[in-house]
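Residue numbers (the numbering used here): 23 to 131.
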């Protein structure tokens with residue numbers, strides 16, 4: 023199982039801060055979110071999401087400067103912003119765009 027980010031930048035008793043990078047066509051390992059989190063896209067790209075069974079859950083059109091926020095509830099990530107998203111906590115994502123994707127992700131413990 024993979025991590026929720028590419029590089030852990032900081033961790034203390036309250037938060038974990040990650041940098042997350044996906045090159046075009048690259049996908050994450052299957053990973054599980056255990057904490058509520060928010061991410062900010064430094065370099066946007068479309069992210070196709072699949073659940074643990076390989077089902078395509080759709081593509082998030084993440085643009086540079088976009089922010090997404092989720093809380094963990096009963097095996098799902100539920101958006102706490104106006105985007106009204108639900109995603110299983112266990113999933114993987116693929117950069118289906120033509121440019122690098124890069125975000126900063128902050129988990130609250």
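The beta-carbon is built from N, C-alpha and C at its ideal position, and this holds for glycine as well.
- Judged by DSSP in its simplified three-state form, residue 105 adopts coil rather than helix or strand.
- The beta carbon of residue 122 lies closer than 6 Å to those of 45, 65 in the same chain, with the five residues before and after it left out.
- The Cβ atoms of residue 109 and residue 71 sit closer than 9 Å to each other.
- Remark: C-beta atoms of residue 56 and residue 40 do not approach each other more closely than 9 Å.
- Per DSSP, residue 36 lies in no beta strand (DSSP E) segment and is marked neither H nor E.
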